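Only one structure is covered here, and it is reproduced in the block below.
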Amino acid sequence: MKPIHLLPVILVFSVFSCGKNDPELCCSCREQSGSPVPYQYPPSSEITPLPYLEKLPRIQIPNQQLKNICTYDLVESYLTYPLINVLGFSNNFKDAFVRLTNDFNGAKELTNRNDGPAQLLKRHKLNNFTNFDLSWESKKQFDYKWTLMLLELTLSQDQILSKASAETKNELFKSAMQVKARRNTNPELFSFPNTGSNDFLIASVLFSTGYRPFTEYVASTPSVRNYLNGYLQGSIGTTQRLQIDKFANQYLATLPK
């Protein structure tokens, strides 16, 4: 799991001046820093042995910081949440996200931010393999791919997509298809972690756009409906995957370059 970098308190307080009423301006003023909040919890050696429910109160974002933090930095704080792995290792990724939003106030806040989808998309574009380098050390490669997987699973959620504009959905779809293209030409990029999150994101965004050929296919194919409900492992076969790919490529062809 990626370490949490503790930052000086003054850095956290500096977000207060941004103003939550103008989240786009707020995020633009600190976008390059991408600074997560410092979680108030004991060193990992002390907290790791604790039962799950005993850990939760120690790793929440303080309410005043949560109220004022820029959405882009909230995304960074979400990605560095100490128990974020509950999302990455689950039999049902939608159920896992519901649990995450119930247990972590930062995840819940992210679903409430109107600009959450746009800021998650900005972060996804930083991890869509356009800047990936196979010469990086193995830990850096793993962290990059792990972050991408978390972003894909998060952006696939109904709570996020329901707040996304049509433009954001289309940009997200194109970014996800870029990842798929890199995967197809460079399979070595997609060693562990790989849960099929890229395919899940593509199918979820495509369905959320209301693209009629695909929504009609989903309505007539129970296994694909089950897949879109979060059961990624073993719920669909090769035939269904190829059909989803066909619809995805058809929709991509309708979008401006």
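With this note's numbering as the guide, the letters of the sequence shown map in order to residues 657 to 913. All residues carry an ideal CB built from backbone N, CA and C; glycine is no exception. These figures come from a predicted structure and were not determined experimentally.
Looking only at 802, 718 and 734, the smallest Cα-Cα distance to residue 745 is reached by 802.
Residue environment analysis places residue 844 among the exposed positions, since fewer than 16 neighbouring C-beta atoms fall within 10 angstroms of its C-beta.
One thing to note: residue 857 has its Cβ within 8 Å of the Cβ of residue 812. Residue 761 sits away from residue 815, with the two beta carbons spaced by 8 Å or more. Straight through space, the alpha carbons of residue 903 and residue 786 are spaced by roughly 24 Å.
Sorting 818, 781, 759 and 882 by C-alpha distance to the C-alpha of residue 710 places 759 at the top.
Judged by beta-carbon spacing, residue 817 lies within the 8 Å limit of residue 861, meaning their Cβ atoms are closer than that value.
Taking a C-beta distance under 8 Å as the contact criterion, residue 820 and residue 773 qualify as a contact pair.
Around the beta carbon of residue 720, a 10 Å sphere encloses fewer than 16 other beta carbons of the protein chains shown; the residue is thus reported as exposed.
In this structure, residue 859 sits near residue 884, with a CB-CB distance shorter than 8 Å. As for any alpha helix (DSSP H) of minimum length 4 sitting wholly inside the stretch 698-740, the runs are 700-703, 708-711, 719-724 and 727-735, ordered along the chain. Nearest to residue 824 by alpha-carbon distance, out of 873, 729, 776 and 752, is 776. Sequence-distant Cβ neighbours of residue 899 in its own chain, meaning closer than 7 Å and more than five residues away, are 873. Per DSSP, residue 792 lies in no alpha helix (DSSP H) segment and is marked neither H nor E. Under the rule that a run must span 4 or more residues, the alpha helix (DSSP H) segments found entirely inside the stretch 861-891 read 868-875 and 878-884.
Secondary structure of residue 771 (DSSP, three-state): coil.
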